[in-house]
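Protein sequences appear in the order of chains A and B. All letters in the first sequence, in the order written, are residues 1306 to 1678 by this note's numbering. All letters in the second sequence, in the order written, are residues 1306 to 1678 by this note's numbering.
Number of protein chains: 2
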Amino acid sequence: MSEPAPPGDRAAGEPGQHLADGDPAAPGPAHPVIAVDAMGGDNAPEQIVAGAITAYRERGIPVVLIGRPGQVRPLLSRAGMVGAIRLVAAEDTVAMDEGALTSWRRPRSSIAIACQLVHLGQATAVMSAGSTGAIVGVARMRLRALPGLLRPALAVALPTRPTPTVLIDAGAIADPKPEMLAQYAQLGSAYAEVAFGITEPRVGLLSIGAEPGKGNKLARRAFELLSGDQSHGAIPINFAGNVEGGDLLTGAVDVIVTEGFAGNIALKTLEGTAAFTARQFRAAIEGSRSARLGTVFQRRELRALRDRIDPESYGGAALLGLEGAVVIAHGASTARGAAAACQLAAELASGQIAARIAERLGPHRPGPFRRRT
Amino acid sequence: MSEPAPPGDRAAGEPGQHLADGDPAAPGPAHPVIAVDAMGGDNAPEQIVAGAITAYRERGIPVVLIGRPGQVRPLLSRAGMVGAIRLVAAEDTVAMDEGALTSWRRPRSSIAIACQLVHLGQATAVMSAGSTGAIVGVARMRLRALPGLLRPALAVALPTRPTPTVLIDAGAIADPKPEMLAQYAQLGSAYAEVAFGITEPRVGLLSIGAEPGKGNKLARRAFELLSGDQSHGAIPINFAGNVEGGDLLTGAVDVIVTEGFAGNIALKTLEGTAAFTARQFRAAIEGSRSARLGTVFQRRELRALRDRIDPESYGGAALLGLEGAVVIAHGASTARGAAAACQLAAELASGQIAARIAERLGPHRPGPFRRRT
């Protein structure tokens, strides 16, 4: 993490202020400003604003809030933060059930303006707890893709120990080409390096059998690409072969590459199963008067466990491959989850995730067949 | 379940006996004989033979064991079962890491001969704890596909309440066509009817978003087929739309249809996450002397929970769409898991799962474009 920026040195923006009115002392990567979509998420704007304030106050992370001034300003005011945290007006918002078409439908939504702030250099990262599909669509439209990148991808950190495991793509692109999966290995490795300080991250390919020939056509071709010579100036991948669904939480590798359809299903299955199993355990140890008595002795341990396996602790998913950094918090985020997501965004931005990805992908040689991103 | 067959009325086979030496009183569906692959699984033959004996003794399920007489006969002898349970010799066995090519490589393996017994009418179902890839490959080669079926699929029962949820395909076919997924809905519905007595099972399509347009190309096309008019004599599917990975354990639908790649990843993610979360809980409630003291009050509840979420309780996966019934137990099955798998095989056979699937698929009209199965 970067040195915390001294609170108070950020210009307090006026609602309705023109986007191009940049702070003249625009922060470098050491002082990343996080553009927080105050209107995205089930508990927006209250919990999101509260989380942003926590990130600013307790962790020294400079934030700018984007949202409806009529709703957001009273929240800042109540916290005594009107002069300290900049507010950029966005009257339009995106509902949680809106998808990728949002990017065209809502050019003035809070998430679109948050991305625009990064594009204009007024912020270095975006944080939103809104609809994943909408954020991915808007970010792909508003933010430049890194040179040579085929498609961005969504990375999530799974709670393995001692360091988390990065699952990529967790749902940005539903029908990718094998070459994209090979690039996801670079994106995921950069993420593991920047966010968790892992050197030469071990990369596994999610498939349905450990042997090289296992999987569907896409996975088999991606395996070939990942095992092959990746030269062309790209940093070599530390490829460990296929992994299976059962390896997501074993820490067998640092990065697990997969396509967005299977990756999203795996992630949601993991979250649902962890919640289901935890409920079953809770029901068991509270299932009789005697068993409930036992929990009196376990209070401290059970509370620590709850915090450890709470998805809100992990800051959410990161959309990788675009300029700046984009963090998507859980839709149900409370202030705690929003603050953790702001911190993840600040870490990615100050670790210069985009520059590291560009370096890993290697020098870009534009050619006649370059795919549109 | 059928009436238990009176033990002792099965001809005790000799090792090396020719396959065509059928029992003249060949059992009808009410007395399904389960052909048990004694050599498949991490704990074969000891635990598999013990499980088959349990199924026979305690649940009245007629079994025939297929395996190396030198290894299996002493186990039967020790249990006093030499005259009661038939043994068919198979000197070749399939290792746990062998895949689909086994079907060609090992024509005299125990799993191949088990399938052959069903094909010849000497048994009505196969049970094996061997390599899933090998069993699927061998069964597809040795057993007739039901008329009109495009591909068989692997169904597993997930531990939802009050009735289990059927996930299909859990990994038989890695690159299916949308039309196959539409048929999986019929296979899964027949399974839910026969194994769990569910009428008009609700069918969900596994995707990455609840709305109809969500998912990859395959899922979107399968959605159209499942929502459309399925007539042609097929029994209509009770289609409930898309479900997500988080719905696998909520019981929102009775059958979850997906392709084998994502399905296998979801299943293994679910199993891995349940084990991971359970380990975390155990570590927490045993994490200090005081917490451990609490478990003294919870012994009964924790034991009941362990039995309930133990994958061995559920009898394993069923390969559907072929003549007879094929049940694949967990590779790590102990006697308990093997017995449960024999019972599932007996239930599917006596419920005439194959006939029910044929009925659901509707009258088969062979045409010039019929796909090979």
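Backbone N, C-alpha and C define an ideal beta-carbon position, used for all residues, glycine too.
Answer with yes or no whether the minimum CB distance from B:F1528 to chain A is below 8 Å.
no
Give me whichever residues DSSP pairs with A:F1544 in a beta bridge.
A:V1508
Count the other CB atoms within 10 Å of the CB of B:R1413; is the residue buried (16 or more) or exposed (fewer)?
exposed
Candidates A:G1345, A:A1444, A:L1653, A:G1388: closest to A:A1434 by CA position:
A:G1345
Chain B contact residues for A:I1561, given Cβ-Cβ distances below 8 Å
Those within 8 Å of A:I1561 in chain B number zero; the least Cβ separation is about 10 Å.
Mind pulling the chain A residues with CB within less than 8 Å of B:T1582?
T1578, A1579, T1582, A1583, F1586, I1614
In the structure shown, what three-state DSSP assignment does A:A1460 receive?
strand
Beta-carbon gap between B:L1455 and B:E1484 smaller than 8 Å:
yes
How long is the line joining the alpha carbons of B:V1558 and B:E1516, rounded to whole angstroms?
16 Å
Taking 8 Å as the threshold, find out whether the region 1481-1496 of chain A comes into contact with the region 1573-1580 of chain A through three or more Cβ pairs.
no
Please list the partners that A:S1593 has in chain B, where partner means a Cβ-to-Cβ separation under 7 Å.
E1606
Which of the residues in the region 1462-1480 of chain B, read from start to end, lie with their CB under 7 Å from any CB of chain E?
Although the question refers to chain E, the structure presented lacks it and instead comprises the protein chains A and B.
Can you list, in chain order, the residues of its chain with a C-beta nearer than 6 Å to that of B:L1422? Leave out the 5 residues immediately preceding and following it.
A1340, A1428
Which residue wins for smallest C-alpha separation from B:Y1489, given the options B:K1522, B:G1502, B:A1650, B:L1530?
B:L1530
Confirm, please, whether the CB-CB distance from A:V1368 to A:I1353 is below 8 Å.
no
Would you kindly report the start and end of the unbroken beta strand (DSSP E) that includes B:G1372?
1368-1372
Is there contact here, the region 1445-1454 of chain A with the region 1371-1390 of chain A, by at least three beta-carbon pairs under 8 Å?
no
Residues of chain B with CB under 8 Å from A:V1601, in chain order?
G1599
Residues within the region 1479-1511 of chain B neighbouring chain A, beta-carbon criterion of under 8 Å
A1479, D1480, L1511
When Cβ atoms are compared, which residues of the region 1542-1568 of chain A fall closer than 9 Å to chain B?
E1549, G1550, G1551, D1552, L1553, L1554, T1555, T1563, E1564, G1565, F1566, A1567, G1568
Nearest neighbour of A:N1547, chosen from A:A1527, A:P1541, A:L1554 [CA to CA]:
A:A1527
At the level of alpha carbons, what is the spacing between B:E1319 and B:A1343?
Low local confidence applies: a pLDDT of 37 at B:E1319 is under 50, so the model's placement there is unreliable, and no value is given.
Could you tell me whether any Cβ in chain A is nearer than 8 Å to the Cβ of B:N1680?
The first residue shown for chain B is 1306 and the last is 1678, placing residue 1680 of chain B beyond what the model contains.
Check whether the Cβ atoms of A:V1632 and A:A1349 lie closer than 8 Å to each other.
no
List, in chain order, every chain B residue whose beta-carbon is nearer than 8 Å to that of A:A1622.
Within 8 Å Cβ-Cβ: nothing; A:A1622 doesn't reach chain B, min ~13 Å.
For B:V1393, which option in B:A1400, B:R1378, B:R1383, B:M1401 has the closest C-alpha, if you only look at C-alpha atoms?
B:R1378
Can you give me the C-alpha to C-alpha distance between B:V1471 and B:A1419, rounded to a whole angstrom?
25 Å
Report the residues of the region 1440-1453 of chain A with a CB closer than 9 Å to any CB of chain B, ordered along the chain.
none
Terminal residues of the alpha helix (DSSP H) in which A:T1578 lies:
1565-1590
Taking Cβ positions only, does A:I1633 come closer than 8 Å to chain B?
no
Under 8 Å from the C-beta of A:G1520: neighbouring residues of chain B:
A1479, F1566
For the beta strand (DSSP E) that B:A1630 lies in, which residues bound it at each end?
1630-1633
Residues that DSSP places opposite B:A1430 in a beta bridge:
B:I1339, B:A1630
Considering only heavy atoms of the ligand MN, does any lie closer than 7 Å to the CB of B:D1559?
Of ligands this structure carries none, so the ligand MN is not represented either.
May I ask which residues mark the beginning and end of the beta strand (DSSP E) holding B:V1601?
Careful: B:V1601 lies outside any beta strand (DSSP E) and carries neither H nor E.
So which residues of chain B does A:L1572 contact, with C-beta pairs closer than 8 Å?
G1550
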